[in-house]
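A.B. asks:
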Amino acid sequence: LRNLSASLCLAAAFLIAAAPARAQVVDHNLNGWAMYFGDHPIGQSRWGVHLEGQWRRHDGFNRWQQLLLRPGVNFQVNKLLLLTGGYAFINSYPNGAFPTLVRATPEHRIWEQALLRYKTGKLSWSTRLRFENRFLGVRDSAGALTDYRYENRFRAWQRATVPLTPRYYVTAYDEIWFYVKPYVSSSVLDQNRAYLAVGRRFGPAWDFEAGYMLQSIWQRNGRVVEANHTLMFTVTSRQPFGRR
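Just so we're aligned: the sequence shown equals residues 1 to 244 in the numbering used here.
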């Protein structure tokens with residue numbers, strides 16, 4: 001997983017460098033996201049529950065960008081590797097100067113991922129590979145929801161965390177998103193997310209982070225790239241369900 005993630009990040013660097021040259025317009029936006037991530041072990045078993053909710057707002061925190069709910073089931077293979085599969089519901093809203101939607105539109109998603117956690121010196125690393133089976137709502141010219149279109153997508157995420165004190169830390173990640181056939185787009189590249197944050201630990205099971213993310217989205221028409229400057233506030237929990 002480590003070598004694959006590094007290779008994907010290198011390939012992404014070339015794709016991202018070339019993408020703005022193809023785009024005619026860069027659309028800058030200011031967004032705000034509030035998020036919860038929970039990976040909850042069940043008792044003494046290797047199984048656990050993943051719970052996730054994201055409240056994504058556009059124009060600061062004034063209007064909707066997306067609502068995302070993503071539950072799943074975890075299986076701890078060993079101390080380093082966690083496998084997860086689950087379902088996600090996403091409701092996306094028109095936003096930006098070049099909206100791709102006419103009104104709020106739903107998506108249903110099945111997802112599978114592998115997460116590898118390891119250390120090198122003081123640095124803690126996380127490598128995550130995720131595959132998504134997507135059912136995207138399709139609206140007609142009048143705005144009525146008439147069908148769902150099936151697509152696939154692959155995501156590679158690399159995160160590094162360094163402690164400042166026993167309680168405080170700095171973390172950064174980059175995640176590249178690729179379309180996988182079948183899909184409808186002028187490019188295989190969907191998004192890139194670059195993130196930097198400061199975090200605080202509240203005991204062994206709870207963290208809070210405040211940070212900034214540049215979310216680059218290459219619209220399917222090939223003419224617009226969104227540069228979404230995003231303030232992010234994140235609560236993370238590893239609180240077990242049941243006794244351990």
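Cβ atoms here follow ideal geometry from the backbone N, Cα and C, with glycine treated the same way.
Give me whichever residues DSSP pairs with Arg63 in a beta bridge.
C.D. replies: His58
A.B. asks: Helix or strand or just coil, what does DSSP make of Val184?
C.D. replies: coil
A.B. asks: In this structure, how does DSSP classify Arg134 when only helix, strand and coil are distinguished?
C.D. replies: The three-state reading of DSSP puts Arg134 in strand, counting E and B together.
A.B. asks: Note the first and the last residue of the continuous beta strand (DSSP E) segment covering Arg149.
C.D. replies: Segment 145–163, the beta strand (DSSP E) holding Arg149.
A.B. asks: Does Gln191 come out as helix, strand or coil in the three-state DSSP assignment?
C.D. replies: strand
A.B. asks: If you measure between the beta carbons of Arg167 and Val25, is that distance less than 8 angstroms?
C.D. replies: no
A.B. asks: Do Val77 and His50 have their beta-carbon atoms positioned less than 8 angstroms apart in this structure?
C.D. replies: no
A.B. asks: Distance, Cα to Cα, Trp206 vs Phe241?
C.D. replies: 14 angstroms
A.B. asks: Once the 5 residues before and after Glu209 are set aside, which same chain residues still bring their CB inside 6 angstroms of it?
C.D. replies: Ala197, Gly199, Thr234
A.B. asks: Contact criterion: CB-CB distance below 8 angstroms. Does Leu83 meet it with respect to chain B?
C.D. replies: Among the chains of the structure shown, chain B does not appear; only one protein chain is present.
A.B. asks: In chain order, what residues of the same chain have a beta carbon less than 7 angstroms from the beta carbon of Phe154, not counting five sequence neighbours either side?
C.D. replies: Phe131, Phe178, Val180
A.B. asks: So Thr100 and Gln239 are supposed to be a Cβ contact under 8 angstroms. How far apart are they, rounded?
C.D. replies: Contact flag wrong, Cβ pair sits at about 38 angstroms.
A.B. asks: So, for Arg46: in the same chain, excluding its five sequence neighbours on each side, which residues have a beta-carbon less than 8 angstroms away from its beta-carbon?
C.D. replies: Phe75, Gln76, Val77
A.B. asks: Between the beta-carbon of Asn221 and the beta-carbon of Ser186, is there less than 8 angstroms?
C.D. replies: yes
A.B. asks: Where does Thr236 sit, in a helix, a strand or coil, going by DSSP?
C.D. replies: strand
A.B. asks: If you follow the beta strand (DSSP E) that Phe37 is in, where does it begin and where does it stop?
C.D. replies: 25–41
A.B. asks: Beta-carbon separation of Arg103 and Gly143 under 8 angstroms?
C.D. replies: The answer is yes: Cβ separation under 8 angstroms.
A.B. asks: Please state the DSSP three-state secondary structure of Asn221.
C.D. replies: coil
A.B. asks: Gly53 to Gly121, Cα distance in whole Å?
C.D. replies: 32 angstroms
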